[in-house]
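First residue of the sequence shown? That's 307 in my numbering, and the numbers climb one at a time after it. Glycine included, each C-beta is placed from N, C-alpha and C at the ideal position.
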Amino acid sequence: MARLFHVPLSPFCRKVRLSLAEKKIEVELVEERYWEQDPDFMRRNPAGQVPVLRLDGVMMAESGAICEYIEETRPDPALMPKDPVARQEVRRLVGWFDDKFHREVTSKLLYERVNKKVMKQGYPDSGHVKAGAKAIKYHLDYMTWLLDHRRWLAGDVMTLADFAAAAHLSALDYISDVDWNRSEVVKDWYAKIKSRPAFRSILADQVPGFPPPRHYNDLDF
């Protein structure tokens, strides 16, 4: 069985978990306190980051590379289109959420509110929190624009781009940092992707000291 070393609210780990679940790959989840730099974990990934996946006898790191490997070795159901132009758009949007959205929103909200407390690194920086709360509005508006022109974020079918976005938003939703009333089309998109069987283990996550909001586990919210 595959084994994934992860942190429950890490959007990068969640993206990998969604990919594995969508392709029905059984995986053992091992929660890893990567910031403690345990020697065994550092041997698995000298970069000291999660996720780390052991699959097919191979130990691999970095969520983008992991998802590409999963897609290449388990192409059904497809999370990447066959057309090169469409594949480029999926990769662009995955990069958008894992880079720009992460820097401007996730790192300012989730990391300040949760990671600092868990890692005992002090209190949230209010300036960062305010910046993240402002930036997420822009990103939700951009998603609205995309979904006004497409069925899914990257086109007519669900792709890894949708999982990348949902991974970040689901982690932020756990701490009530998403204003779902800002965009009905984004809320509908999230309800649709949240109802997929692949999302079940994500919704079952519990982080000590941070209970999820009442609506978090509801498929119709």
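Worksheet item: Are Leu575 and Ala504 close, meaning C-beta to C-beta below 8 Å?
Response: The requested residue 575 is not part of the displayed model; the chain covers only 307 to 527.
Fill in: Contact set for Met425: own chain, Cβ-Cβ below 7 Å, skip 5 residues either direction
If you number the sequence shown from 1, residue 425 lands on position 119. Cβ within range, chain order: Trp341.
Item to complete: Below 6 Å CB to CB, which residues in the same chain sit around Thr450 once its five sequence neighbours on both sides are set aside?
Response: The residue you call residue 450 lines up with position 144 of the sequence shown. Here the set comprises Ser489, Val491, Val492.
Worksheet entry | Chain-order list of residues whose beta-carbon lies under 6 Å from that of His474 (same chain, five-residue window excluded) | Here residue 474 is taken as the residue at index 168 of the sequence shown, counted from 1. The beta carbon of His474 sits closer than 6 Å to the beta carbons of Pro317, Phe403, Phe407, Thr412 from its chain, once the five residues preceding and following it are set aside; these are given in chain order.
Worksheet item: What are the boundary residues of the beta strand (DSSP E) that Val364 is part of?
Response: Mapped onto the sequence shown, residue 364 falls at position 58. Val364 -> beta strand (DSSP E) spans 364–367.
Worksheet item: Which one or two residues does DSSP pair with Pro312 in a beta bridge?
Response: What you label residue 312 is simply residue 6 of the sequence shown in a count that begins at 1. First, the amino acid is wrong: residue 312 is His here, not Pro. Looking at the DSSP assignment, His312 forms a beta bridge with Glu337.
Discussion item. Quick check: the Cα distance between Val513 and Ala392, rounded to an integer number of angstroms?
Written reply: What you label residue 513 is simply residue 207 of the sequence shown in a count that begins at 1. What you label residue 392 is simply residue 86 of the sequence shown in a count that begins at 1. Val513 and Ala392: Cα-Cα distance of roughly 37 Å.
Practice prompt. Spell out the partners DSSP gives Phe516 in its beta bridges.
Written response: Residue mapping note: residue 516 aligns to position 210 of the sequence shown, counting from 1. Answer by DSSP bridge pairing, in chain order: Val513.
Worksheet item: In three-state terms, what does DSSP make of Arg393?
Response: By 1-based counting over the sequence shown, the position of residue 393 is 87. Note: Arg393 maps to helix in three-state DSSP.
Item to complete: Give the single residue among His521, Ile481, Leu452 whose Cα lies nearest to the Cα of Ala467.
Response: Within the sequence shown, residue 467 is the residue found at index 161, counting from 1. Of the listed residues, the one whose Cα sits closest to Ala467 is Leu452.
Worksheet item: How would you label Asp483, buried or exposed, when you count the other beta carbons within 10 angstroms and need 16 or more for buried?
Response: Taking the first residue of the sequence shown as 1, we reach residue 483 at position 177. Residue environment: Asp483 is assigned as buried (16 or more neighbouring CB atoms within 10 Å of its CB, all protein chains considered).
Worksheet item: According to DSSP, is Leu525 helix, strand or coil?
Response: Residue 525 sits at position 219 when you count from the first residue of the sequence shown. Three-state DSSP puts Leu525 in coil, outside helix and strand.
Worksheet item: DSSP puts Leu541 in a beta bridge; with which residues?
Response: Residue 541 lies beyond the stretch modelled for the chain, which goes from 307 to 527, so this question has no answer here.
Discussion item. Between the segment 366–378 and the segment 307–322, can you find at least three pairs of beta-carbon atoms closer than 8 Å?
Written reply: Contact between the segment 307–322 and the segment 366–378 is present, because at least three Cβ pairs lie under 8 Å.
Worksheet entry | Environment of Tyr480 [buried if 16+ CB atoms lie within 10 Å] | If you number the sequence shown from 1, residue 480 lands on position 174. It is buried - the Cβ of Tyr480 has at least 16 other Cβ atoms within 10 Å.
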